[in-house]
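Asker: Before we start, here is the structure in question, set down as C-alpha cells.
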Amino acid sequence: MNGSNGDSADGRRTSRTGAATGASTGRRTAAPAARPRGGRVRMTGKQRREQLLDIGRSVFAERGYDGTSVEEIAERAGVSKPVVYEHFGGKEGLYAVVVDREMQLLLDMVTGALTGGHSRELLEQAAFALMDYIDTSTDGFKILVRDSPVAQSTGTFASLISDIATQVEDILGLEFKARGFDARLAPMYSQMLVGMVALTGQWWLEVRKPGKAEVAAHLVNLAWHGLEGMERHPKLVGDRKA
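Numbering (the numbering used here), first residue to last: 1 to 242.
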C-alpha cells in the first residue's frame with residue numbers, strides 16, 4: 001500500500017506545536033473507512049495516520065521505545081513497513097508525535113483544571129487532574145515517564161513537569177506574598193509540589209488503590225498542612241555541610 005492507494009506522507013517529523021495542531025488531544029478513533037470489494041479496508045491518509053498513532057501508542061507503552069519495531073507496528077496495522085516510513089519517517093518520528101500528543105493532553109488537563117478559587121482548591125484541582133490523566137490515559141502516562149531516547153523537541157517527562165510547575169508557580173507566589181514569605185522561592189516550591197504528585201502518580205499506576213480522588217485528597221493534605229506550618233527560614237536539624 002502506498003500514497004496512490006490513499007496513504008500519504010502527510011506528517012513525517014512533527015514538532016511539539018505541529019503535533020497538536022488540527023488534532024484532538026484525547027483518545028482518537030479513526031472515521032470508518034471505505035470497504036471495497038474483496039473485504040479489504042481502504043483508508044485515507046488521515047485515517048491511516050491516526051491508526052498508526054493509536055497502534056504505536058499501544059506498543060510503545062507495552063514494550064518501550066527500544067523494544068518496539070516498525071515491523072510490529074506495520075504488522076498490527078496490516079500494512080507494509082514503507083507506509084509507516086511514509087507517514088513518520090520511521091520509529092523515531094512516530095514516537096515523537098505520540099509523545100507530543102500525550103504531553104499536550106496532560107498539560108491541557110492540568111492547566112484547564114485550574115479554574116480558580118481558594119489556594120487549597122487550586123492545589124486539589126491540579127492534583128486530581130494529574131491522577132485523572134493517569135487513570136484515563138494509562139498508556140500515555142507509561143510512555144511519558146520514560147525518558148525519550150532520542151534528541152527531539154518533545155523533551156522528557158521532566159520537562160513536562162517543569163511546564164506544569166510553571167503554572168503552579170504563580171499560585172504559590174501569591175500565597176507566599178500573603179503569608180509574608182519570600183515569593184522568589186515560589187518556583188522551587190512549585191517544582192517540589194508537582195514532583196511529589198507526579199511520583200505518587202507513578203506509584204499509583206501499579207497499585208490503583210485507594211481511588212484517585214482519595215489519593216489526591218491525601219496529597220493535598222500533606223502539601224497543604226505542610227504549608228500551614230512552614231517555617232520562614234527553615235534549617236536542617238542535623239549537622240550537615242552546605
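In this text, a Cβ means the ideal position worked out from N, Cα and C, and glycines have one as well.
Does the beta-carbon of L172 have 16 or more other beta-carbons within 10 angstroms, so that it is buried, or is it exposed?
Answerer: Taking the first residue of the sequence shown as 1, we reach residue 172 at position 172. Classification of L172: buried, given that the 10 Å Cβ count is 16 or more.
Asker: Roughly how many angstroms separate the alpha carbons of H225 and P187, rounded to a whole number?
Answerer: In the sequence shown, the residue the question calls residue 225 occupies position 225. In the sequence shown, the residue the question calls residue 187 occupies position 187. Roughly 19 Å between the two C-alpha positions.
Asker: Taking a contact to mean a Cβ-Cβ separation below 7 Å, would you say V237 touches L219 in this structure?
Answerer: Counting from 1 along the sequence shown, the entry for residue 237 is found at position 237. Counting from 1 along the sequence shown, the entry for residue 219 is found at position 219. Cβ atoms of V237 and L219: not closer than 7 Å.
Asker: Using CA coordinates, which residue listed in S80, I73, F176 is at the minimum distance from H233?
Answerer: The residue given as residue 233 occupies position 233 in the sequence shown. Of the candidates S80, I73, F176, the one whose C-alpha sits nearest the C-alpha of H233 is F176.
Asker: Kindly indicate the opening and closing residues of the alpha helix (DSSP H) around E231.
Answerer: Translated into the one-based positions of the sequence shown, residue 231 becomes position 231. Neither: E231 is in no alpha helix (DSSP H) and is coded neither H nor E.
Asker: Below 8 Å CB to CB, which residues in the same chain sit around G112 once its five sequence neighbours on both sides are set aside?
Answerer: Within the sequence shown, numbered from 1, the residue matching residue 112 stands at position 112. Cβ neighbours of G112 beyond the five flanking positions: A129.
Asker: Can you give the beta carbon distance from G56 to V98, rounded, assuming they're within the 8 Å contact cut?
Answerer: Counting from one through the sequence shown, the residue named residue 56 turns up at place 56. Counting from one through the sequence shown, the residue named residue 98 turns up at place 98. Rounded, the Cβ-Cβ distance is 6 Å, consistent with contact.
Asker: Tell me where the alpha helix (DSSP H) around T138 begins and ends.
Answerer: Your numbering for residue 138 matches position 138 in the sequence shown. Start and end: 138-144.
Asker: Which residues does DSSP pair with R76 in a beta bridge?
Answerer: Within the sequence shown, numbered from 1, the residue matching residue 76 stands at position 76. Answer is none; R76 lacks a bridge partner.
Asker: Applying the 10 Å Cβ sphere with the 16-neighbour rule, what's the burial state of R208?
Answerer: Taking the first residue of the sequence shown as 1, we reach residue 208 at position 208. The residue is exposed, with fewer than 16 neighbouring Cβ atoms inside 10 Å.
Asker: Which word fits D100, buried or exposed, when buried means at least 16 other C-beta atoms lie within 10 angstroms of its C-beta?
Answerer: Reading the sequence shown from its first residue, position 100 is the one you call residue 100. Under this definition D100 is a buried residue.
Asker: Contact between the segment 64-77 and the segment 118-134 is defined here as three or more beta-carbon pairs at a separation below 8 Å; is this criterion met?
Answerer: Touching, no, given that fewer than three Cβ pairs across the two stretches are closer than 8 Å.
Asker: Only counting runs of 4 or more residues, tell me where the alpha helix (DSSP H) segments fall wholly within the segment 160-228, in order along the chain.
Answerer: Segments of the alpha helix (DSSP H) lying fully in the segment 160-228: 186-207, 212-228.
Asker: Measure the C-alpha to C-alpha separation of F88 and L107 and round it to an integer number of angstroms.
Answerer: The count along the sequence shown starts at 1 and reaches residue 88 at position 88. The count along the sequence shown starts at 1 and reaches residue 107 at position 107. C-alpha separation (whole angstroms): 24 Å.
Asker: Alpha helix (DSSP H) containing R57: first to last residue?
Answerer: In the sequence shown, residue 57 corresponds to position 57, counting from 1. Residues 45-67.
Asker: Might you give, ordered along the chain, the residues of its own chain that have their beta carbon closer than 7 Å to the beta carbon of D163, omitting 5 neighbours on each side?
Answerer: As a first step, residue 163 is located in the sequence shown; it is residue number 163 there, counting from the start. Taken in chain order, the residues that qualify are L107.
Asker: Looking at the structure shown, is T21 part of a helix, part of a strand, or coil, going by DSSP?
Answerer: In the sequence shown, the residue the question calls residue 21 occupies position 21. For T21, the pLDDT reaches just 39, beneath the cut-off of 50, and the residue's location in the model is therefore unreliable, leaving the point undetermined.
Asker: Tell me which residues share the same chain as F157 and place their Cβ nearer than 6 Å to its Cβ, disregarding the 5 neighbours each side in the sequence.
Answerer: Here residue 157 refers to the residue found at position 157 when the sequence shown is read from its first residue. Answer for F157: L144, V145, listed in chain order.
Asker: In terms of alpha-carbon separation, which member of G45, A216, D132, Y189 lies closest to Q167?
Answerer: Start at 1 with the first residue of the sequence shown, and residue 167 comes out as number 167. Here the closest residue by C-alpha is Y189.
Asker: Go ahead and label A223 buried or exposed: buried means 16 or more other beta carbons lie within 10 angstroms of its beta carbon, across all protein chains shown.
Answerer: Taking the first residue of the sequence shown as 1, we reach residue 223 at position 223. The residue is buried, with at least 16 neighbouring Cβ atoms inside 10 Å.
Asker: What's the gap between the Cα of W204 and the Cα of K91?
Answerer: In the sequence shown, counting from the first residue as 1, residue 204 sits at position 204. In the sequence shown, counting from the first residue as 1, residue 91 sits at position 91. About 29 Å.
Asker: What do you get for R49, buried or exposed, if any count of 16 or more other CB atoms within 10 angstroms of its CB means buried?
Answerer: The residue you call residue 49 lines up with position 49 of the sequence shown. Buried, because 16 or more other Cβ atoms sit within 10 Å of the Cβ of R49.
Asker: Identify which residue in K235, E75, V84, Q202 has its Cα closest to the Cα of F141.
Answerer: Looking up residue 141 in the sequence shown gives position 141. Residue Q202 is the option with its Cα nearest to F141.
Asker: On a CA-only basis, which of A74, S119, T68, G211 is nearest Y95? Give me that one, please.
Answerer: Residue mapping note: residue 95 aligns to position 95 of the sequence shown, counting from 1. Considering only alpha carbons, the answer is T68.
Asker: Going by Cα to Cα distance, which pick from E71, V83, G211, G78 is closest to G45?
Answerer: On the sequence shown, position 45 is the one that residue 45 refers to. That would be V83, whose Cα lies nearest to the Cα of G45.
Asker: Can you give me the C-alpha to C-alpha distance between E169 and G117, rounded to a whole angstrom?
Answerer: The sequence position of residue 169 within the sequence shown is 169, counting from 1. The sequence position of residue 117 within the sequence shown is 117, counting from 1. Roughly 16 Å separates the two Cα atoms.
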